[in-house]
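Peer 1: Encoded as structure tokens, here's the structure I'll be asking about.
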Amino acid sequence: MNAENLSFRFLKAELLTMEDNMSQARLPQAIAQMMQGDFYPHPVQEPITLMQTHASFLLLTGDYVYKVKKSVNFGFLDYSTLKKRHHFCSEELRLNRQIAPQMYLEVVAVTKTDSGLELNGEGEPIEYALKMRQFPQEALLIHQFEQGQLTQEQMAQLGQVVAEFHRQTPTSDSIRKFGEVARIREAIDNNYKQSQPYIDGPQTRQQFEETKAYSDRFFAERSAQFEQRMLTDKIRECHGDLHLKNIARWDNQILLFDRIEFNEAFRFVDVMYDIGFVVMDIEARGRQDLANGFLNTYLEQTGDWQGLQVLRLYLSRQAYVRAKVTSLMLDDANIAEDEKEGAWQTARDYYHLAWQYTQPRQGRLILMCGLSGSGKSTIARQLARATGAIQIRSDAVRKHLAGIPLPSKGSDEIYSAEMTAQTYGRLLELGIMGASEGWTVILDAKYDRQGLREAAIAAAKDRGLTLQILHCTAPIAILRDRLNHRQGDIADATADLLDTQQQTAEPFCENEIPSVTSLDTTGDIEAQLKSFISQFNP
């Protein structure tokens, strides 16, 4: 996707300083009072910085942040009464303490006095605020991204953190019901309704109609897949707004925060809803490689490759939400006109991105092939980052089938001939499924037997999918050395298996050879991969 040139001058959580964009006379009474340093019972760093989103004011005082919800009703979010703002402050505290307890502290009241307002006084509350511990803005992943500091290693860590979060977050019969087509469709259709005022503005009519037609078809044709997501407990109490501005690296750990509290339908969702937000947010900023690293780590950790069947719907939905929420700022009296111009352009870019995700894609299969230690997984990972492909490792599939943790060493039982057949069968099933959904899927396994390769070739041909074989090679001494020094990987293969693998590996037959590209993993990998990629022009 050509997202590299998108402009992101103003997003939903783009924070505006009062000094640059607002006059104090335009502020609500409580916010104006909270801008004064002597309002607080603790030392503050002056001048206090006021920041805002479409739904909240945030006051940065030094050690603490106070978040005050705006008196707004967008339909999907209703903070229009003091009672509702109090309730949702309490809900935000409850939900986010579960994932970032060191950040979320308490709900405080702004109360009346004879002379004005005070914090947590005895008088009548006129407003409520969520008190949070303030961390450096440099801790936000969005800041680290903008500074070029995010790495593939950090994306892999994030994938593991989100996988563990989803593993622990609850589900129930009532939560699962939010996975019904009617529930999901209602939320997405509401996005279309709420964005209609911006058609022929930042949104073009053609994009609106084609994006909506895509989701209409999706719901009409995929009822069985949505049912399967519910049956396999993929509808859970998730985050709901997971993107780089709501993730921090603080105190040597990754924290997810600002979990949705105002609408259960945005939080009781398919886990792919959360994943789609992260992937979309990073891809929109032009770093498909980082998004791919996160996605493949998450899928491998959870084994939820079936989620690829619904992921594109959620990618489009999340981009559309970004467009819609940014569009709402065009009607916000607190936003300066010059900033509204930037918001208009950003909304336009997101509407276009949402449409792009709905466009047809030609899927394909790539079989990795080679002995243990030949560099298959390393090459597959590099290829996936470069092309946006899904990498599925046989080692991960085998351990998910066996029900053992990925880091655990497998027993001899999971390497039996029967288990190996199950592993390759499942690997091919997942590959065909993903490629049929328009993904390039890399099946990362030895594929050292003609029968295994022929089964994949026949399945791909039957479904009209292109299949290529990438054969990784290196001298046996180098393979042995690599395996002897391998650490921290889920693969269990050791150097003492190489002799047997050499003896049992079967050469490529005549009908396979046209699909085979050999790669010397002791040579210039980047150049060889570039040549390989040019063959299929993904």
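Counting with this note's numbering, you get residues 56 to 593 for the letters of the sequence shown. Ideal Cβ positions, reconstructed from N, Cα and C, are used throughout, including at glycine. Small disclaimer: the values here were computed from a predicted structure and weren't measured.
#1: Using the beta-carbon count (16 or more within 10 Å), is K300 buried or exposed?
#2: So, is P462 buried or exposed, given that buried needs 16 or more other C-beta atoms within 10 angstroms?
#3: Tell me whether the stretch 513–529 and the stretch 568–583 touch, counting them as touching only if at least three CB pairs, one residue from each stretch, are closer than 8 Å.
#4: Taking the Cβ atom as the reference point for each residue, do I421 and Q523 lie within a distance shorter than 8 Å?
#5: Take G519 and list the residues in its own chain whose beta-carbon comes closer than 6 Å to its own, dropping the five residues that flank it on each side.
#6: State the Cα-Cα distance for the pair I302 and G214, rounded to the nearest angstrom.
#7: How many whole angstroms separate the CB atoms of L483 and A510, which I take to be in contact at a CB cut-off of 8 Å?
#8: For L297, which residues of its own chain have a beta-carbon under 6 Å away from its beta-carbon, when the five flanking residues on both sides are left out?
#9: Could you compute how far the alpha carbon of V165 sits from the alpha carbon of Y183?
#10: Tell me the rounded alpha-carbon separation between L345 and L438.
#11: For K501, does the count of other Cβ atoms within 10 angstroms reach 16, so buried, or fall short, so exposed?
#12: Using a Cβ-Cβ cut-off of 7 Å (strictly less than) and excluding sequence neighbours within five positions of F200, which residues of its own chain qualify?
#13: Hey, is L310's beta-carbon within less than 8 Å of any beta-carbon in chain D?
#14: In whole angstroms, what is the alpha-carbon distance linking A472 and T555?
#15: What runs of the beta strand (DSSP E), each 3 residues or longer, lie entirely inside the stretch 485–512?
#16: DSSP three-state label for L150, please.
#17: Give the single residue among N245, H455, F281 and E161 whose Cα lies nearest to the Cα of V380.
#18: For H595, does the three-state DSSP call read helix, strand or coil?
#19: Taking C-beta to C-beta, are L456 and R440 nearer than 8 Å?
#20: Compute the Euclidean distance between the alpha carbons of E264 and Q258, then round it to the nearest angstrom.
#21: For the alpha helix (DSSP H) that contains T413, what are its first and last residues?
#22: Ordered along the chain, which non-local residues of its own chain (more than five positions away) have a Cβ less than 7 Å from that of E565?
Peer 2: With the given structure in hand:
#1: buried
#2: exposed
#3: yes
#4: yes
#5: none
#6: 12 Å
#7: 6 Å
#8: D329, F332 and V333
#9: 6 Å
#10: 13 Å
#11: buried
#12: L299 and R340
#13: Of the chains in the structure shown, none is chain D; there is only one protein chain.
#14: 14 Å
#15: 495–499
#16: helix
#17: N245
#18: Outside the displayed span of the chain (56 to 593) sits residue 595, for which this structure offers no information.
#19: no
#20: 10 Å
#21: It is not in any alpha helix (DSSP H) - T413 carries neither H nor E in the DSSP assignment.
#22: none
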